[in-house]
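In the numbering used here, the protein residues as written are 43 to 106.
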């Protein structure tokens with residue numbers, strides 16, 4: 043990419059190769075939609091199922 047940006051004469055074929063690589067890396071939103079990948083903001087911190095299971099076990103066992 044740096045070589046392409048620094049070159050005085052830019053090749054259309056090189057640009058197409060770079061865009062093709064970006065598609066494989068799923069850089070653009072459209073590429074992610076095409077493969078049905080959605081990026082979401084992390085949810086608020088909640089206790090995981092493992093933490094809840096351990097808390098239930100401790101409660102049932104009379105520990106803590």
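All C-beta atoms, glycine included, are put in the ideal place defined by N, C-alpha and C.
Item, Value
"From which residue to which residue does the alpha helix (DSSP H) around residue 50 run?", "Element bounds for residue 50: n/a, residue is neither H nor E."
"Compare the beta carbon distance of residue 67 and residue 74 with 8 Å and say whether it is the shorter of the two.", "no"
"At which residues does the alpha helix (DSSP H) containing residue 93 begin and terminate?", "91-103"
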